[in-house]
Structure formats: C-alpha cells, structure tokens
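Report on the structure given below.
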DNA sequence: CTGTTAGCGCGTTCAC
DNA sequence: GTGAACGCGCTAACAG
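Pasting the structure below:
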C-alpha cells in the first residue's frame, strides 16, 4: 500500500509519494525542487500524489544530506516577560522569517548556567547562527570555537572576553540626556535607582547620569544612589528611603522600566511632586505623566535592536566561517520624551 | 588529522571523536548514551576526545535515525508585542524546557495565510507537536491529517470545524462580572469597545457584557456599542464619539488592553469622569486608576494559559497518535480588580 | 527525461 | 567490551 506508512500515523515519506505516483523517489525530489528537467505529466502525477498524501518534505533529513543550513536560528533572551525583549524577539522574527529562517526561542531568566545549556543545545540542533542577550559576565561558552564557529550576534550587551558582532542601545547617551534635562529644569539633587552594575546597561546608564552632572559642574550625592535593584518592589523601597531622607532629592533617575515603576509608586505614595526620568517607555506613560508624576522617558526602538541583530546575523550566515571582517558594533539611538515635566 | 573536519569550520562528527580516541564511532555513541557496557579507560579516552574537540551530538541526525521525537515544539502566536502572548510564550517555555523540549516560535500577525505557511513549516521541521493561537476562522490546516497527526493544542481561542485540546480564558464570565460591577455601582448606560466579533474572545466578552445587562433587567443601548476596533487609535476615536453624544454613557466596557488604552485616553481628554472596565491588566494600572480614571480590570494569568497548554501537549506527545481520549478543554479563571472605582 | 548508487551523522542489530 | 553492517529521509553525481 502506498499509504501504509502514512496510515500508521507516521508522516508519509518521499518513497510513499514516489510509489503512489509510479516514479522513483529521485523524481519526486526533483519535482519538489522545481528542477526543470521533469516531464510535464510526470510532474502533475507527482504533485497529485503529494497532495493526496499531504506529504511534507522532511527538512531535517534534507539539511542533514545537504550538510549545510538547517534554516534555524537560535534566539536567547534573559526575560521574555520584559516588553523590551518581546519586542526585540518580534524584530528578529520579522527580519528572519522574511528570509525563510525559523526562530528557536529560549529564555534564560538571567541565569548564566541556563544560558550555557541552552547554547549547547542550539549547537546540537544545528542552528545556522544565534542572537543572544548574554546573561553572565563570562561568555566563554559563546566563543567561536565553543559554538563550532557558528555566527553569534549579541544584543543589548557587548561581548566580554571574546569578539562578536553586537547591537547596543545608546545607554550612555540616553542617560546623559535624560539627566541633563532634569538638571536644566533646575534639579540639583537627583537620586539614582539602578540595576546591578555588573549588567552592562546598568553601568553605562550610571556613567551617563554621572557625566551629565559633571558637565554641569555638579557632583551626585552618593547617599541617594542605589544600584543592585532588580525588581519593582526593591526599587519602590529604595525610592521611599531616598525620598524620606533629609534634604531628599527633587528628582530620580531610573535605569529601566522596573525602576521607574517603583519610583512612580513611591512618589505617588509620597504625595509630594518629585520628577522622574527613566529608561524604557511603557504603555500610557503619556497619560500617567500628565495626570500625576512628571515623567522624562528615555525611549528607543526595541524592535529595531532585534531587526539589526537579525541583519548582522544574516550577513554572517551568508559568509564562510572565518571569512568575514572584524566584529561590528551598531548602536540604536535613544530619544527623550517629556510628559508633564516642568521646572522644579 | 583528527581535527580535520572541525578545523574546516564544520562541526566535528562522531567519527572525528572516534578517530581521536582510537575507537570506533559505535563506542563513542555508547559512551554518550551512558551505555554500561563500556570499559572505564575507553570511556575516559572518549570523553577526553569529546572535550578536546568540543563535540556536540547532532540532534537532527539522531532524531532522524530514531525516527521519533525531534525535541522541538512549535508555538504560533498572533502578536508577540501583546504582553498577553509574550507571557503565554513564557509559560509554555517554562513547562516545556523543564521537559527537555525546545520552542520554535512564530508570529502570524493575525494573518491566516501566514499561519498556514508557518504550520506547514513546523510540520516539515518534524516538531513533536504545536501550540497555536489560531488567527483565522478556518482551521482546516490544523486538522490532524493536515499535520500528520501531530498533537495540536489551541490557546486562547477554541477549535472551529475540527477537534483539538484547548486552553481558554473565562472570557464570558470575566466580562459579565466586570460589567456587573459597573452596574452595581449605579451605571445604567455602559458603552462597549470591542475587537471584531469574528475573534472568539471578542464575541464571548460581548456576550458577557450583554448577559450582565440582562441579568439586571437592562438592555444595552446599541448606539454605544462599537465592535471591530483593532488598535488604540481606533478605540480612542470610538470612545470620543460615544462620549460626545447626547446622553453619553457614564461607563465604558473594553474587551482588551488596546481598547482600554484608547478609552483611558479619550476619558482623560474629556476631563469628565467616566468609569472604565476592561480585560487585561497592564503595568501601573493601579497607580493610574487611583490617580485619574476609575478602573475595573478583568485580570487573569497569561503565563498559566501557556503552562496549561504546554501540559496538555506533553500528555498528547506521550501517547501514540490516535490513542488518546477525546479533546479536552480547560478554562483559566479571571478575577476582577478595582482601582479608584466608586459609585457613579 | 528518469532511475541507480552512495552517503550526510547517527544508532540498532548482530557478530566477534 | 567492542566493531561492522545497515538504514532513517533525503539528494548530488552519475548512468541510461
């Protein structure tokens, strides 16, 4: 029976199709490849059989035989629940799927070990390359040799102890500009709520905050600086503590959306107007800014980070391993948006 | 040279490892499989070679030979930029990765054709099963035969014209309860902002809205009902139109976060207090509710939708095709949260 | 124009 | 305890 295998619940194979069409497997392969050298009637018979059996070519077997592209690209992010990374993933998707590549998604939860496992696994699945938001400070498992010279593009954080293409956000510039706005509004005591300094973005954004002060001939009061915050609750607590002190800041700079949320909560609870500037836009920030807390948002296009990473990767995939030029780095710009902000 | 292939940039194969360890490929396979019948010293030699070459077993070749599980599961969502779906994806990830399965993610942008292509592609990549948020009303391409009897679980929307396991949200119940709250606050004219009725969630939530009215002996004024809205701008425009009419509603019910956002914008611009109830919680909804617009949120655990879908799929994958019982359906509950809401 | 042979990387089966 | 042969589904290279 031609359908024997298919009837088993197993997927039909090329041979099943061939048998049904009364040709050899090779001919089926040719038809599916749009090889010109196939008779018109043979062709129709084969296509009819394909259709009747619901046959789909086995891409795994195909790429095994062809020895090259699997059509799979790994995407490793730290936290998909963060809108930044889901937008990034969407940007990656958009570009890669337009090129016929599928995305293998993994979430590390910011755990370096899990990242190691995930990367090993992607290699085992013969991905054509991967885009990674690195979780730890050690990236030896991402070094070319460790991934069989597969192309790797880093997103959001730069390579450390290795070389690779990467797409960054203008963390320094954005933080500097946001802080400068607060200063030019007349704020002189500006608190800082940040994520751990080991994370690149946190460190850069702190540098920007500091640089803006220096440029204005000011020095931040370090008693109002909190780094190492990771969630909204911690940020809120830190903000409350800072704002409750004597000579409390009149403004707060926040390094990401979680910090900003904590700050907004604290300021809202406080009842006293405190200006907030922070990275990452969020839904309804405009309404919230006008309504209650003056908001200065350092925004950027997260999709674009993903799109650029995907494009860099595509270029590398197109090249023979080791053939390419040196690692490239591209920086996605930020822009500052102000809602309900006014001089202090 | 043992490293000849690896040095080519190509990944080392089992034979490379075997050559380096001075054994046959078969022995390497045994070591990697933890087969007991291998000499202790042979074992160490093999592992040393694996390590030296950075060898990773080719999972594709492996699953081809084993003829079964690829370890891949397809996840097809309509819009990853929507927090609901990114949380769902996270829940799926969490459960599946704990079982050693990888997630192949695709975004359809709510296009039925793209969904067809994506599903075909997943089949071609030999996924062990898939979780789909169906985009169109026709789902013939998801029928068992079309996907080679691969397990399919639907999320967020029920099967139409076919049978499959699915995980839903209590759309009807949530909408009914949210609307009931508005009614018990004294609202009698409640507008409705909804997504197209062809989308299951939209239809169900409208039913809930209507049922709550009926239960209270009321009848919704259909001139204040707008369905077919798809984005924030359209929702805002609709809300402005409704609220600008004579005898305008004193409250609005919104079927999702985009509708709610549009409504919040419109109400905020209006300056007159209008109560808003809507599906989907969002960041800082509490602050916003207290600060400005009274908010009644119908919330639910999107991660849980993903987790349940993943568990249903795992059960099906464990079974022989066609062996399983009838399609199951599970409903994730909603809960109503109120921020700054008060009697009209 | 179409079929046969061989082999991608791996694992099962059976020898030794 | 270890190896050789064979085949998973597919296709390049060579017949005819």
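Protein chains in written order, with the working numbering: chain Z, 1 to 344; chain F, 1001 to 1344. C-beta: ideal position from N, C-alpha, C; glycine also.
Compute the Euclidean distance between the alpha carbons of residue i and residue j, then round it to the nearest angstrom.
{"i": "residue 201 (chain Z)", "j": "residue 264 (chain Z)", "result": "21 angstroms"}
{"i": "residue 1121 (chain F)", "j": "residue 165 (chain Z)", "result": "29 angstroms"}
{"i": "residue 319 (chain Z)", "j": "residue 1132 (chain F)", "result": "35 angstroms"}
{"i": "residue 142 (chain Z)", "j": "residue 1034 (chain F)", "result": "27 angstroms"}
{"i": "residue 1301 (chain F)", "j": "residue 108 (chain Z)", "result": "21 angstroms"}
{"i": "residue 55 (chain Z)", "j": "residue 82 (chain Z)", "result": "39 angstroms"}
{"i": "residue 316 (chain Z)", "j": "residue 90 (chain Z)", "result": "20 angstroms"}
{"i": "residue 289 (chain Z)", "j": "residue 1339 (chain F)", "result": "18 angstroms"}
{"i": "residue 292 (chain Z)", "j": "residue 1294 (chain F)", "result": "14 angstroms"}
{"i": "residue 1046 (chain F)", "j": "residue 26 (chain Z)", "result": "38 angstroms"}
{"i": "residue 243 (chain Z)", "j": "residue 270 (chain Z)", "result": "8 angstroms"}
{"i": "residue 1020 (chain F)", "j": "residue 1053 (chain F)", "result": "9 angstroms"}
{"i": "residue 174 (chain Z)", "j": "residue 1246 (chain F)", "result": "47 angstroms"}
{"i": "residue 1337 (chain F)", "j": "residue 1296 (chain F)", "result": "6 angstroms"}
{"i": "residue 248 (chain Z)", "j": "residue 267 (chain Z)", "result": "12 angstroms"}
{"i": "residue 1150 (chain F)", "j": "residue 1101 (chain F)", "result": "15 angstroms"}
{"i": "residue 1017 (chain F)", "j": "residue 73 (chain Z)", "result": "26 angstroms"}
{"i": "residue 3 (chain Z)", "j": "residue 1062 (chain F)", "result": "Confidence is the limiting factor: at residue 3 (chain Z) the pLDDT is only 33, short of 50, which leaves the residue's position unreliable, though a coordinate-based value still follows. Answer to the nearest angstrom: the Cα atoms are 25 angstroms apart."}
{"i": "residue 1203 (chain F)", "j": "residue 1212 (chain F)", "result": "14 angstroms"}
Within 10 Å of its beta-carbon, does residue i have 16 or more other beta-carbons around it, so buried, or fewer, so exposed?
{"i": "residue 198 (chain Z)", "result": "exposed"}
{"i": "residue 335 (chain Z)", "result": "exposed"}
{"i": "residue 1145 (chain F)", "result": "exposed"}
{"i": "residue 1326 (chain F)", "result": "exposed"}
{"i": "residue 113 (chain Z)", "result": "exposed"}
{"i": "residue 1163 (chain F)", "result": "exposed"}
{"i": "residue 71 (chain Z)", "result": "buried"}
{"i": "residue 15 (chain Z)", "result": "exposed"}
{"i": "residue 180 (chain Z)", "result": "buried"}
{"i": "residue 1214 (chain F)", "result": "exposed"}
{"i": "residue 333 (chain Z)", "result": "exposed"}
{"i": "residue 155 (chain Z)", "result": "buried"}
{"i": "residue 1024 (chain F)", "result": "exposed"}
{"i": "residue 1037 (chain F)", "result": "exposed"}
{"i": "residue 66 (chain Z)", "result": "exposed"}
{"i": "residue 1196 (chain F)", "result": "exposed"}
{"i": "residue 39 (chain Z)", "result": "exposed"}
Which residue wins for smallest C-alpha separation from residue i, given the options the options?
{"i": "residue 1043 (chain F)", "options": "F:1193, F:1029, F:1115 and F:1153", "result": "F:1029"}
{"i": "residue 309 (chain Z)", "options": "Z:216, Z:92, Z:68 and Z:124", "result": "Z:92"}
{"i": "residue 1099 (chain F)", "options": "F:1128, F:1237 and F:1086", "result": "F:1128"}
{"i": "residue 219 (chain Z)", "options": "Z:189, Z:243 and Z:235", "result": "Z:189"}
{"i": "residue 1086 (chain F)", "options": "F:1305, F:1068 and F:1312", "result": "F:1305"}
{"i": "residue 257 (chain Z)", "options": "Z:247, Z:290, Z:242 and Z:298", "result": "Z:298"}
{"i": "residue 187 (chain Z)", "options": "Z:316, Z:221, Z:282 and Z:116", "result": "Z:221"}
{"i": "residue 1096 (chain F)", "options": "F:1333, F:1307, F:1330 and F:1152", "result": "F:1307"}
{"i": "residue 224 (chain Z)", "options": "Z:233, Z:232 and Z:210", "result": "Z:210"}
{"i": "residue 135 (chain Z)", "options": "Z:147, Z:157 and Z:125", "result": "Z:157"}
{"i": "residue 1192 (chain F)", "options": "F:1058, F:1167 and F:1275", "result": "F:1275"}
{"i": "residue 1347 (chain F)", "options": "F:1010, F:1172 and F:1017", "result": "The question about residue 1347 (chain F) has no answer here: the residues shown for chain F are numbered 1001 through 1344."}
{"i": "residue 137 (chain Z)", "options": "Z:126, Z:111 and Z:117", "result": "Z:111"}
{"i": "residue 169 (chain Z)", "options": "Z:84, Z:68 and Z:212", "result": "Z:84"}
{"i": "residue 1233 (chain F)", "options": "F:1253, F:1260 and F:1250", "result": "F:1260"}
{"i": "residue 1272 (chain F)", "options": "F:1251, F:1032, F:1280 and F:1255", "result": "F:1251"}
{"i": "residue 1049 (chain F)", "options": "F:1058, F:1013 and F:1069", "result": "F:1013"}
For the putative contact between residue i and residue j, defined by C-beta atoms under 8 angstroms, what is the C-beta separation to the nearest angstrom?
{"i": "residue 1217 (chain F)", "j": "residue 1239 (chain F)", "result": "26 angstroms between Cβ atoms; not a contact."}
{"i": "residue 1064 (chain F)", "j": "residue 1104 (chain F)", "result": "The Cβ separation is near 17 angstroms, so there is no contact."}
{"i": "residue 345 (chain Z)", "j": "residue 106 (chain Z)", "result": "An answer regarding residue 345 (chain Z) cannot be provided, because it is not within the stretch 1 to 344 covered by chain Z."}
{"i": "residue 1139 (chain F)", "j": "residue 60 (chain Z)", "result": "Going by Cβ atoms, the distance from residue 1139 (chain F) to residue 60 (chain Z) rounds to 26 angstroms, so no, they are not a contact pair."}
{"i": "residue 205 (chain Z)", "j": "residue 194 (chain Z)", "result": "7 angstroms"}
{"i": "residue 167 (chain Z)", "j": "residue 312 (chain Z)", "result": "7 angstroms"}
Residues of chain Z with CB closer than 9 angstroms to the CB of residue i, please, in chain order.
{"i": "residue 1264 (chain F)", "result": "284 and 287"}
{"i": "residue 1332 (chain F)", "result": "Those within 9 angstroms of residue 1332 (chain F) in chain Z number zero; the least Cβ separation is about 17 angstroms."}
{"i": "residue 1083 (chain F)", "result": "81, 83, 86 and 283"}
{"i": "residue 1063 (chain F)", "result": "60"}
Residue i versus chain Z: which residues are under 7 angstroms apart at the beta carbon?
{"i": "residue 1110 (chain F)", "result": "The premise fails here: residue 1110 (chain F) is roughly 13 angstroms from chain Z at the closest Cβ pair, so nothing lies under 7 angstroms."}
For residue i, go through chain F and note every residue whose CB falls closer than 8 angstroms to its CB, in chain order.
{"i": "residue 56 (chain Z)", "result": "1120, 1123, 1124 and 1148"}
{"i": "residue 103 (chain Z)", "result": "1104, 1105 and 1106"}
{"i": "residue 268 (chain Z)", "result": "1287, 1290 and 1291"}
{"i": "residue 361 (chain Z)", "result": "With chain Z covering only 1 through 344, there is no way to say anything about residue 361 (chain Z)."}
{"i": "residue 145 (chain Z)", "result": "1054"}
Name, please, each residue of chain F whose Cβ falls closer than 7 angstroms to the Cβ of residue i.
{"i": "residue 90 (chain Z)", "result": "1080, 1081 and 1107"}
{"i": "residue 156 (chain Z)", "result": "Here the premise fails: no neighbours, minimum Cβ distance about 16 angstroms."}
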